[in-house]
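Undergrad:
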Amino acid sequence: MGKRILLCFMGLFLFGLFCQQLSKEHIDMNQDSQGSFALERRRMVEEQIMTRGVEDTLVLNAMMKVERHLYVPEPYRPYAYNDEPLPIGHDQTISQPYIVAYMTEALRLKGGEKVLEIGTGSGYQAAVLAEIAREVYTIEIVEPLAKQASDILQAEGYDNVFCRCGDGYQGWPEKAPFDAIIVTAAPPRIPEPLVEQLKEGGRMIIPVGTYFQELVLLTKKDGEISKKQLIPVRFVPMTGEIQKK
Ligand code: SAH
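Take the position in the sequence shown, starting the count at 1, then add 15; the result is the number in the working numbering.
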């Protein structure tokens with residue numbers, strides 16, 4: 016009788032060990048040895064971004080490097096490399112990886128630029144920009160998001176990213192003009208102060224519209240602005256001053 020109980024315990028113990036090993040292998044498959052999700056990130060770049068036509072190697076390398084899962088709330092980490100936007104709290108979202116890559120490529124950054132972002136959100140887009148540009152100035156209107164993004168960007172060593180909490184409508188006049196401006200919340204029309212803060216030869220990418228939105232690329236050449244409509248998109252609305260006018 017005693018022997019049987021002992022055998023039973025041994026069996027349970029071995030089964031436990033087996034299960035533990037299985038779950039370890041599962042984690043390894045998803046997170047690789049450093050827990051950095053490198054495999055999933057490569058798949059994201061190849062299957063979601065390159066296949067849709069993004070080819071700028073600076074952008075592809077940045078998307079390969081920035082650890083997107085660190086910028087999404089804990090419960091969504093397993094989905095961080097999915098082909099979709101994800102909630103980041105406060106009714107806001109982190110954009111779909113392809114859209115981040117597409118907008119970054121449209122800015123035609125070569126390194127050395129000063130970039131302004133309106134809508135820091137999770138801080139992910141700012142990190143991608145910071146991998147390429149010299150300096151990134153980013154403004155977020157929701158205070159807890161601004162604080163959280165600033166903390167993670169600092170922890171990840173991005174000392175070329177400068178965060179500010181406030182309404183991005185007025186841009187960042189003390190640091191203007193900018194080589195490139197990226198807006199990641201949709202205003203019903205293009206905020207004039209941002210256009211003014213664009214350097215000669217500069218590019219701005221911005222989703223414009225309310226329910227139906229279009230990504231618009233603005234270029235400033237000889238003081239003149241040219242606009243090109245790119246693709247239909249769905250961003251959270253830009254709040255603050257723009258909604259009052
Ligand atoms: N670039 C972000 C996407 C954030 S979603 C990322 O990589 O995660 C858009 C963000 O714009 C939201 O966090 C929202 O709070 C912010 N936002 C909306 N209106 C704004 C405004 N007037 N000024 C600054 N940020 C604004």
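Here a beta-carbon is modelled for each residue, glycine too, at the ideal position from N, C-alpha and C.
#1: How far does the beta strand (DSSP E) with P112 in it extend, from its first residue to its last?
#2: Report yes if the C-beta of G183 is less than 7 Å from at least one heavy atom of ligand 1; otherwise report no.
#3: State the Cα-Cα distance for the pair H105 and R58, rounded to the nearest angstrom.
#4: Please give the ranges of any beta strand (DSSP E) in the region 119-178, keeping only runs that are unbroken, at least 3 residues long and fully inside the region.
#5: Within 7 Å: the Cβ of Y139 and any heavy atom of ligand 1?
#6: V151 and E132 - do their beta-carbons sit closer together than 8 Å?
#7: Locate the beta strand (DSSP E) running through V231, then write down its first and last residues.
#8: Cβ of L160 within 7 Å of any heavy atom in ligand 1?
#9: Within 10 angstroms of its Cβ, does F227 collect 16 or more other Cβ (buried), or is it exposed?
#10: Do I220 and ligand 1 come close, with the Cβ less than 7 Å from some heavy atom?
#11: Measure the alpha-carbon distance for V248 versus P159 and round it to whole angstroms.
#12: Examine ligand 1 and report whether any of its heavy atoms sits within less than 7 Å of the Cβ of I167.
#13: Tell me whether S51, by its Cβ, gets closer than 7 Å to a heavy atom of ligand 1.
#14: Please confirm whether any heavy atom of ligand 1 lies closer than 7 Å to the CB of E146.
#15: So is Q169 buried or exposed if we call it buried at 16+ other beta carbons inside 10 Å?
#16: Counting along the chain, where does the alpha helix (DSSP H) carrying K80 start and finish?
#17: Relative to the alpha-carbon of P202, which residue among M78, F250, W187 and A141 has its alpha-carbon at the smallest distance?
#18: Does the structure place the region 183-199 close enough to the region 120-136 that three or more beta carbon pairs sit under 8 Å?
#19: How long is the line joining the alpha carbons of V87 and S110, rounded to whole angstroms?
#20: Starting from L55, trace the alpha helix (DSSP H) both ways and give me its first and last residue.
#21: Can you tell which of K259, E61, F177 and V74 has its C-alpha closest to the C-alpha of V115?
#22: Given a cut-off of 8 Å, decide if L209 and I220 are closer than it, judged by their beta-carbon atoms.
#23: I'd like the list of long-range same chain contacts for D43, defined as Cβ closer than 6 Å, with 5 residues on each side in sequence excluded.
#24: Can you tell me whether DSSP reads E62 as helix, strand or coil?
TA: The relevant details are as follows:
#1: Along the sequence shown, one-based indexing puts residue 112 at 97. No beta strand (DSSP E) holds P112; the alpha helix (DSSP H) holding it covers P112 to A121.
#2: Here residue 183 refers to the residue found at position 168 when the sequence shown is read from its first residue. Yes, Cβ of G183 sits closer than 7 Å to a heavy atom of ligand 1.
#3: One-based indexing of the sequence shown puts residue 105 at position 90. One-based indexing of the sequence shown puts residue 58 at position 43. Their Cα atoms are separated by approximately 29 Å.
#4: Listed in chain order, the complete beta strand (DSSP E) runs (minimum 3 residues) inside the region 119-178 are 129-133 and 150-155.
#5: For this step, residue 139 is matched to residue 124 along the sequence shown. Result yes, Cβ under 7 Å from ligand 1.
#6: The count along the sequence shown starts at 1 and reaches residue 132 at position 117. The count along the sequence shown starts at 1 and reaches residue 151 at position 136. Taking 8 Å as the Cβ cut-off, E132 and V151 qualify as a contacting pair.
#7: For the purposes of this step, residue 231 is taken as residue 216 along the sequence shown, with counting starting at 1. Counting along the chain, the beta strand (DSSP E) containing V231 begins and ends at Q228 to K236.
#8: For the purposes of this step, residue 160 is identified with residue 145 of the sequence shown, where counting begins at 1. Under cutoff, so the answer is yes.
#9: For the purposes of this step, residue 227 is taken as the residue at position 212 of the sequence shown. It is exposed - the Cβ of F227 has fewer than 16 other Cβ atoms within 10 Å.
#10: Locating residue 220 in the sequence shown gives position 205, counting from the first residue. It does not: the Cβ of I220 is nowhere closer than 7 Å to a heavy atom of ligand 1.
#11: Taking the first residue of the sequence shown as position 1, residue 248 is located at position 233. Taking the first residue of the sequence shown as position 1, residue 159 is located at position 144. Cα to Cα, the separation comes out at about 26 Å.
#12: As a working note, residue 167 is residue 152 in the sequence shown. No, since every heavy atom of ligand 1 falls outside the 7 Å radius drawn around the Cβ of I167.
#13: Within the sequence shown, residue 51 is the residue found at index 36, counting from 1. No, the beta carbon of S51 sits no closer than 7 Å to any heavy atom of ligand 1.
#14: The count along the sequence shown starts at 1 and reaches residue 146 at position 131. No - ligand 1 has no heavy atom lying nearer than 7 Å to the Cβ of E146.
#15: Within the sequence shown, the letter at position 154 stands for residue 169. Label assigned to Q169: exposed.
#16: For the purposes of this step, residue 80 is taken as the residue at position 65 of the sequence shown. Annotation for K80: the continuous alpha helix (DSSP H) segment containing it runs T72 to K80.
#17: Residue 202 sits at position 187 when you count from the first residue of the sequence shown. Nearest C-alpha to P202: F250.
#18: With the cut-off at 8 Å, the region 120-136 and the region 183-199 touch.
#19: One-based indexing of the sequence shown puts residue 87 at position 72. One-based indexing of the sequence shown puts residue 110 at position 95. A direct Cα-Cα distance of roughly 11 Å separates V87 from S110.
#20: Indexing the sequence shown from 1 puts residue 55 at position 40. A quick correction: the sequence has Glu, not Leu, at residue 55. Per DSSP, the unbroken alpha helix (DSSP H) holding E55 starts and ends at A53 to R58.
#21: Numbered from 1 along the sequence shown, position 100 holds the residue referred to as residue 115. Nearest option by C-alpha distance: V74.
#22: Walking along the sequence shown from the start, residue 220 turns up at place 205. Walking along the sequence shown from the start, residue 209 turns up at place 194. No, Cβ-Cβ distance for I220 and L209 is not below 8 Å.
#23: Along the sequence shown, read from residue 1 onward, the residue named residue 43 stands at position 28. Note that D43 scores 42 on pLDDT, short of 50, meaning its location in the model is unreliable and no value can be drawn from it.
#24: Here the question's residue 62 lines up with position 47 in the sequence shown. In the structure shown, E62 falls within a helical segment according to DSSP collapsed to helix, strand and coil.
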